[in-house]
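Numbering (this note's numbering), first residue to last: 80 to 432.
All remarks here apply to the structure that follows.
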């Protein structure tokens, strides 16, 4: 016959099992809701790419598993966080209700595990600092001190040189081979890097006129010439703007409205070999992580492309899309100033490692 204490322990164990089962059902319900909420998970399609496809992000708990278990690493990057302005949706309401009732955050798998494994509460999480040393395939570049004084370290160019922002120009593109607003956006990056003593070469060659369809053929010639004439340049950025709706391309960062920045990485095709894609990808992941650490919401994330976009010419060559046609040029320029802060930080870390 069971003692009173044994019966009490058995009853407590049964209550715990019931509680955990209810918790698991609630957690599963939130995961399913996230999977069905496609309106927030879809990645907008850019006007600059003919091969972009919409992708859907995975729930946060899966991201934790992917980051903690190397065997589960994905071949594509997750969708960046979508900022919702002052809205409390069903997910948020359910999350807050469960946290109030049982003290568990269903959006954080660690808080669920801590219910069953109390020792986890004693373990303090240490914030990780992302650097080039923590990323595989990252291509080390020359230190700033080894580059002759006055020589450029960063190269900027514009495949679609006429791209503009409608609130400023009244059109998506400047006509007849004129320089669009996008050149001023790149100029903001060059100016910001200059405050750190980092020299930037901004090539404003018009590549999308007279033939917009052959713009990448023209810009490849531009980049090859930049590489041949400027061996000091350690990284190249092709500056674009995206196409879409302002609400999905705008973030509030440090109380300031800025255009979000998307990073495109090309993996090539069978007949378009891209030998540097893993190095470019590592470079993009470092930039994306730094943006998320320092300016949460600014990054639109990384998008992989089955193309080349001149990234086969250099191991640190990326395409940046700054906002969309509905953003203002000023919002895009503010975004690039922040991008310049992050890039300067990466360059500085490279100098001291």
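The C-beta atom is built at its ideal place from N, Cα and C for all residues, glycine as well.
In this text, all values refer to a predicted model and were calculated from it rather than measured experimentally.
Residues that DSSP places opposite residue i in a beta bridge
i: residue 351; result: 348
i: residue 331; result: 336
i: residue 342; result: 381 and 399
i: residue 360; result: For residue 360, which the question treats as bridged, DSSP gives no partner whatsoever.
i: residue 242; result: 252
Same chain, Cβ closer than 8 Å to residue i, neighbours up to 5 away in sequence not counted
i: residue 202; result: For residue 202, the predicted model reports a pLDDT of 44, less than 50, meaning its position is unreliable; a value from the coordinates is still stated below. Hits under 8 Å: none found.
i: residue 443; result: For residue 443 there is no data in the structure shown, the boundaries of the chain being 80 and 432.
i: residue 255; result: 288
i: residue 141; result: Residue confidence is low: residue 141 scores 41 on pLDDT, short of 50, so the model does not pin down where it sits. Its coordinate-derived value is still stated next. Counting only Cβ-Cβ distances below 8 Å, and skipping sequence neighbours, we find nothing.
i: residue 273; result: 279
Range of the contiguous beta strand (DSSP E) that encloses residue i
i: residue 314; result: 314-321
i: residue 281; result: 279-281
i: residue 378; result: 378-384
i: residue 233; result: 233-236
i: residue 400; result: 396-403
Close-in-space but distant-in-sequence residues of the same chain around residue i (CB under 6 Å, 5 per side omitted)
i: residue 360; result: 344
i: residue 411; result: 264, 338, 401 and 402
i: residue 427; result: none
i: residue 271; result: 416 and 419
i: residue 267; result: 412, 415 and 416
i: residue 155; result: Low per-residue confidence applies at residue 155: pLDDT is 39, beneath 50, and the placement is therefore not dependable enough to give any value.
i: residue 297; result: 286
i: residue 374; result: 332 and 417
Given residue i as reference, the closest of the options once Cα atoms are compared
i: residue 413; options: 365, 352 and 377; result: 377
i: residue 269; options: 372, 422, 97 and 429; result: 422
i: residue 407; options: 227, 328 and 226; result: 328
i: residue 290; options: 385, 322, 226 and 241; result: 241
i: residue 507; options: 101, 97, 104 and 424; result: This structure gives no information on residue 507, because the portion of the chain shown stretches from 80 to 432.
i: residue 379; options: 257, 309, 368 and 385; result: 368
i: residue 387; options: 304, 266, 347 and 272; result: 347
i: residue 433; options: 101, 409 and 228; result: Past the edges of the chain, shown from 80 to 432, lies residue 433, and the structure says nothing about it.
i: residue 321; options: 299, 302, 261 and 101; result: 261
i: residue 232; options: 305, 259 and 293; result: 305
i: residue 253; options: 226, 274 and 286; result: 286
i: residue 220; options: 349, 310 and 294; result: 310
Neighbourhood of residue i by C-beta, 7 Å cutoff - its chain only, sequence neighbours within 5 removed
i: residue 245; result: 251, 404 and 405
i: residue 97; result: none
i: residue 325; result: 403, 405 and 406
i: residue 302; result: 236, 315, 389 and 392
i: residue 257; result: 241
i: residue 116; result: Note that residue 116 scores 45 on pLDDT, short of 50, meaning its location in the model is unreliable; the coordinates nonetheless yield the value given after this. Answer for residue 116: no residue qualifies.
Residue range of the unbroken alpha helix (DSSP H) whose run includes residue i
i: residue 263; result: 260-273
i: residue 425; result: 408-431
i: residue 302; result: 294-308
Quiz item: Would you call the stretch 405-425 and the stretch 322-335 touching, i.e. three or more CB-CB distances under 8 Å?
Solution: Below 8 Å, enough C-beta pairs join the stretch 405-425 and the stretch 322-335 to call them touching: three or more.
Exercise. Answer yes if the stretch 235-249 comes into contact with the stretch 267-282, meaning at least three C-beta pairs across the two stretches below 8 Å, and no otherwise.
Key: Flag = yes, the stretch 267-282 and the stretch 235-249 touch.
Exercise. Would you check if the stretch 350-360 and the stretch 379-395 touch, i.e. whether three or more CB-CB distances between them fall below 8 Å?
Key: Verdict: yes, contact present.
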